[in-house]
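See structure below.
Protein chains: 2
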Amino acid sequence: MTKFLTEYDASELDELRSELQREFELIAGNKMHLNLTRGKPAADQLELSHGMDDVLAGNYTASDGTDTRNYGELRGLLEARELGAELLGVPAANVIAGGNSSLFLMHLVVETALQQGLWGDQRRWSNDSNPKVLTPVPGYDRHFALTETLGIGMLNVDIGPTGPDVDEAISLARDDPSIKGIWCVPKYSNPTGCTYDDATVQALAKLPAQAAADDFVILWDNAYAVHAFGDEDEQLASIYEAVEQAGTSEHVVQFASTSKITFAGSGIAFIAAAEVVLHNLEHRLSFMLIGPDKVNQLRHSRFLKGRVQEHMQAHAKLLRPKFELVQQVLRTELDGLGIATWTEPVGGYFVSLDLLPGLASEVVEMAQQIGLTLTPAGATFPYAKDPQNRNVRIAPTFAAFDELRTAMQILTLCVKLASVNHLQDT
Amino acid sequence: MTKFLTEYDASELDELRSELQREFELIAGNKMHLNLTRGKPAADQLELSHGMDDVLAGNYTASDGTDTRNYGELRGLLEARELGAELLGVPAANVIAGGNSSLFLMHLVVETALQQGLWGDQRRWSNDSNPKVLTPVPGYDRHFALTETLGIGMLNVDIGPTGPDVDEAISLARDDPSIKGIWCVPKYSNPTGCTYDDATVQALAKLPAQAAADDFVILWDNAYAVHAFGDEDEQLASIYEAVEQAGTSEHVVQFASTSKITFAGSGIAFIAAAEVVLHNLEHRLSFMLIGPDKVNQLRHSRFLKGRVQEHMQAHAKLLRPKFELVQQVLRTELDGLGIATWTEPVGGYFVSLDLLPGLASEVVEMAQQIGLTLTPAGATFPYAKDPQNRNVRIAPTFAAFDELRTAMQILTLCVKLASVNHLQDT
Chain A
215 MTKFLTEYDA SELDELRSEL QREFELIAGN KMHLNLTRGK PAADQLELSH
265 GMDDVLAGNY TASDGTDTRN YGELRGLLEA RELGAELLGV PAANVIAGGN
315 SSLFLMHLVV ETALQQGLWG DQRRWSNDSN PKVLTPVPGY DRHFALTETL
365 GIGMLNVDIG PTGPDVDEAI SLARDDPSIK GIWCVPKYSN PTGCTYDDAT
415 VQALAKLPAQ AAADDFVILW DNAYAVHAFG DEDEQLASIY EAVEQAGTSE
465 HVVQFASTSK ITFAGSGIAF IAAAEVVLHN LEHRLSFMLI GPDKVNQLRH
515 SRFLKGRVQE HMQAHAKLLR PKFELVQQVL RTELDGLGIA TWTEPVGGYF
565 VSLDLLPGLA SEVVEMAQQI GLTLTPAGAT FPYAKDPQNR NVRIAPTFAA
615 FDELRTAMQI LTLCVKLASV NHLQDT
Chain B
215 MTKFLTEYDA SELDELRSEL QREFELIAGN KMHLNLTRGK PAADQLELSH
265 GMDDVLAGNY TASDGTDTRN YGELRGLLEA RELGAELLGV PAANVIAGGN
315 SSLFLMHLVV ETALQQGLWG DQRRWSNDSN PKVLTPVPGY DRHFALTETL
365 GIGMLNVDIG PTGPDVDEAI SLARDDPSIK GIWCVPKYSN PTGCTYDDAT
415 VQALAKLPAQ AAADDFVILW DNAYAVHAFG DEDEQLASIY EAVEQAGTSE
465 HVVQFASTSK ITFAGSGIAF IAAAEVVLHN LEHRLSFMLI GPDKVNQLRH
515 SRFLKGRVQE HMQAHAKLLR PKFELVQQVL RTELDGLGIA TWTEPVGGYF
565 VSLDLLPGLA SEVVEMAQQI GLTLTPAGAT FPYAKDPQNR NVRIAPTFAA
615 FDELRTAMQI LTLCVKLASV NHLQDT
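Protein chains in written order, with our numbering: chain A, 215 to 640; chain B, 215 to 640.
Shown next as structure tokens:
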């Protein structure tokens, strides 16, 4: 029976350390090159969308008669906006369908909020000398990088199994008018995999009305809206309905994309927001684009129409064994040792692993020594600073099954070895 | 035999005016809806690229083994960069291949030059309280709108048959460090259709070394690089070689796209620049994109490989009769009257028509009254202000042949009527 490593006496720790060290050196001799950093679909998942290549069959005319080959339609093709509406649970009139990058749309929204404002009035974040947003952590590194590069500060809020700590978010935003927004990945969150519960969604919807800032924006990145791989899809309450009820509908901007539905690099991305916000975003877009790639929008609309769920079940079938393997190795190797906790998501692309405080960077470095590249310690926090230096993000989707097994063995070995070292030193 | 309208006596003018006025009212009765504003390809041109739909045939692997369906490759697929290199006459190593909009890439470059600088040092246009660029006029309205929205001023320089007045450009830039760049459409320029001659290209290449600003940038929008429709393609000297010789290679950024080669809304766009500039642009892009749509890049590369010229000749065959028709009507209706001059391009998408000073807005309004929409007067100048109110841009490509003939008849009628009115009043 396992017992907590903290309960081991000195000689037990010594023995375990020698054993782990031998194993470590054995693996080092194999000179492997494994990688658990890549939050991207594997080739077998991409194969699921091969029907897209011939779905047009030379017919480039949209259902409303638009010639998708030519310029125009800055808000995107109607049927693409309908697809976005389906993913985000809003009317198509509230959707802009764009190009292959939801990150570009997020950059557009945040930069517009900062420089020109989202509402066509005098409100803009740059009126404040030091605007900030709330960042639930651990979170998505590209949100943080985007925010930082635009010169916007970040204040961490803890995220738990039901979403971010809303009480903390309210208490911060209520007192500080320089707090302008909050980043959310509300479903199968990156990296914890949690889905916000109903109470969290309702409470977040009221936040813009409670905040001291009158230009507070909920940045709702629903990247994994239909990305369940478990038996059951977790249900996310509608932020669209919640903000309608709370009277804050002009203060949420939703994002989605097909990057992890069809082709990661060649999908289409969406914004959903109130009309006034869409109007101001469209105006800003008009200086950068004549229109989005409507041919690719048509391709996606035709390919996915009426079969998003079926298509995502095919993804699930490929992803589930990988996530099960991750859980199995974590349980077998680390359960009951008191040195790690981890999430058990039923959707999304990641598993979040928390170590004893202070050990994340050491484990990442150790793994690198014997051929396993992990996401850099701290990457899931703003400025790459994990205040407790304990979080490791596991991205199991891209690796082949056997590689994933070996990678997880190496990871858990390093976790144990680093923990023993740590306990011996203290 | 025609004589100048200025030589008509009062009764001759009266008689002509009545005649033109009758014709005007006749046309007004037809309640037509014609449009000469649209600088976009007609459907028959788009048909030329239908082969793109099945060129992949389910094979998404690039020649270097890249899986184009997945994330990554921020600078674009190698073979797409090679296509851009062919269009712009530079090594592929100097090219970034992007998404469907060269305008987005221009916005990226100008905004980066302004906010963060193109060279990774302290130089950025925003160090100057009032940065400006030189704008050869008449020019492309979207260049002007982009520049204005970023808060950058514009100073006009006249453009003639051999390109912009470089002496004027030098004399302005030499004395004023707030002058940071110049917009150029060097081949089949929008809207005059002129191609810069060798001396102009050489002189422009030296401009960054002569300018007072040390962060001067030539914005070289080679939108019509391969877009001849006449018997012979005009030859544009290589700006790449010219800046290499002048030692100013870090001070030119070239742009091109396939928007008017394949599908206007679904093409791919390119930047060519020195490595240090590409490096800084790539860094900025990394906050907005994981990578471009490489599937569409592969589609274009395969479709156009080794046959750009042949493909553009097919376009030429469709475009030439439309441009010939424009010239024919202009000659028949306006030649020898002394009330208009116009360009006779052998490539590009536009014809530029100059009227008696003061008459452009009146002609545009008059034409609108009887069912012909023209590009708004002033659109070819910064801030939509044509100082002489005389330039009208003709975009003949999108209209059907018969519509184009009628549209040109209406346009020339309005030009004559407005001119007679004007001469009677003066």
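The beta-carbon is built from N, C-alpha and C at its ideal position, and this holds for glycine as well.
Reduced DSSP secondary structure (H/G/I, E/B, other) of residue i
{"i": "Ala327 (chain A)", "result": "helix"}
{"i": "Leu551 (chain A)", "result": "coil"}
{"i": "Asn510 (chain A)", "result": "helix"}
{"i": "Ala383 (chain B)", "result": "helix"}
{"i": "Thr567 (chain A)", "result": "Sequence inspection shows Leu at residue 567 (chain A); the Thr mentioned does not correspond to that position. In the structure shown, Leu567 (chain A) sits in a strand (DSSP, three-state: E or B)."}
{"i": "Trp397 (chain A)", "result": "strand"}
{"i": "Ile667 (chain B)", "result": "Residue 667 (chain B) cannot be examined here, being either before or after the span of chain B that is shown, 215 to 640."}
{"i": "Thr626 (chain A)", "result": "helix"}
{"i": "Trp333 (chain B)", "result": "coil"}
{"i": "Leu573 (chain A)", "result": "coil"}
{"i": "Lys531 (chain B)", "result": "helix"}
{"i": "Lys420 (chain A)", "result": "helix"}
{"i": "Ala450 (chain A)", "result": "The sequence shown places Leu at residue 450 (chain A), not Ala. Leu450 (chain A) falls in the coil class under three-state DSSP."}
{"i": "Ala426 (chain A)", "result": "coil"}
{"i": "Ser225 (chain B)", "result": "helix"}
{"i": "Thr620 (chain B)", "result": "helix"}
Residues near residue i by beta carbon distance below 8 Å, same chain, minus five either side
{"i": "Leu495 (chain A)", "result": "Ile310, Leu322, Val323, Thr326, Leu332, Ile485, Ala487"}
{"i": "Val371 (chain A)", "result": "Leu348, Thr349, Pro350, Val351, Pro378, Asp379, Glu382, Ala383, Leu386, Ile396"}
{"i": "Arg534 (chain B)", "result": "Phe443, Gly444"}
{"i": "Met368 (chain B)", "result": "Lys346, Val347, Leu348, Thr349, Phe358, Thr361, Glu362, Pro596, Tyr597"}
{"i": "Asn344 (chain A)", "result": "Gly367, Ser392"}
{"i": "Ala426 (chain B)", "result": "Ala387, Arg388, Asp389, Asp390, Pro391, Ile393"}
{"i": "Thr376 (chain A)", "result": "Cys408, Tyr410, Asp411, Ala413, Thr414"}
Spatial neighbours of residue i in its chain, beta-carbon cut-off 6 Å, leaving aside the 5 residues before and after
{"i": "Lys254 (chain B)", "result": "Ala478, Phe612"}
{"i": "Glu448 (chain B)", "result": "Thr409"}
{"i": "Ser515 (chain A)", "result": "Glu293, Ala294, Leu297"}
{"i": "Tyr285 (chain B)", "result": "Ile504, Gly505"}
{"i": "Gly592 (chain A)", "result": "Ala598, Lys599, Asp600"}
{"i": "Thr220 (chain B)", "result": "Gly552"}
{"i": "Pro405 (chain B)", "result": "Pro352, Phe564, Ser566, Thr594, Arg607"}
{"i": "Gln424 (chain A)", "result": "Ile384, Arg388"}
{"i": "Arg498 (chain A)", "result": "Thr326"}
{"i": "Cys398 (chain A)", "result": "Trp434"}
{"i": "Gln638 (chain B)", "result": "Leu227"}
{"i": "Thr194 (chain B)", "result": "Because chain B is modelled from 215 through 640, residue 194 (chain B) falls outside the range shown and cannot be assessed."}
Interface flag, residue i vs chain C, CB-CB below 7 Å
{"i": "Asp507 (chain A)", "result": "Absence of chain C from the displayed structure is noted, the protein chains being A and B."}
Residues sharing a beta bridge with residue i, DSSP
{"i": "Asn603 (chain A)", "result": "DSSP output for Asn603 (chain A) lists no bridge partner at all."}
{"i": "Ser471 (chain A)", "result": "A:Ala483"}
{"i": "Val466 (chain A)", "result": "A:Ile432"}
{"i": "Asn370 (chain A)", "result": "A:Thr349"}
{"i": "Leu586 (chain B)", "result": "B:Leu248"}
{"i": "Ala442 (chain A)", "result": "A:Gly561"}
{"i": "Pro378 (chain A)", "result": "A:Ile373"}
{"i": "Thr275 (chain A)", "result": "A:Asp281"}
{"i": "Trp556 (chain A)", "result": "A:Leu567"}
Contacts around residue i, its chain only, beta-carbon distance under 7 Å, and the 5 residues preceding and following it disregarded
{"i": "Ser340 (chain A)", "result": "Leu328, Gln329"}
{"i": "His441 (chain A)", "result": "Tyr402, Lys474, Met526, Gly561, Gly562"}
{"i": "Glu287 (chain A)", "result": "Thr280, Gly505, Lys508"}
{"i": "Arg283 (chain B)", "result": "Tyr274, Val509"}
{"i": "Glu558 (chain B)", "result": "Gln541"}
{"i": "Ala456 (chain A)", "result": "Val415, Gln416, Ala419"}
Cβ-heavy atom distance, residue i to the ligand MN, below 6 Å
{"i": "Leu240 (chain A)", "result": "Although the ligand MN was asked about, the structure shown includes no ligands whatsoever."}
Discussion item. Would the region 579-596 of chain B count as touching the region 428-441 of chain B if we require 3 or more Cβ pairs under 8 Å?
Written reply: Verdict: no, contact absent.
Item to complete: Determine contact between the region 590-607 of chain A and the region 352-359 of chain A, defined as no fewer than three beta-carbon pairs at a distance below 8 Å.
Response: yes
Worksheet entry | Complete runs of the beta strand (DSSP E) confined to the region 285-318 of chain B [at least 3 residues] | 309-311
Worksheet entry | Contact the region 540-552 of chain B vs the region 299-318 of chain B: 3+ CB pairs below 8 Å | no
Discussion item. Could you check whether the region 575-582 of chain A touches the region 627-637 of chain A, counting it as contact only if at least three pairs of C-beta atoms, one from each stretch, sit closer than 8 Å?
Written reply: Below 8 Å, enough C-beta pairs join the region 575-582 of chain A and the region 627-637 of chain A to call them touching: three or more.
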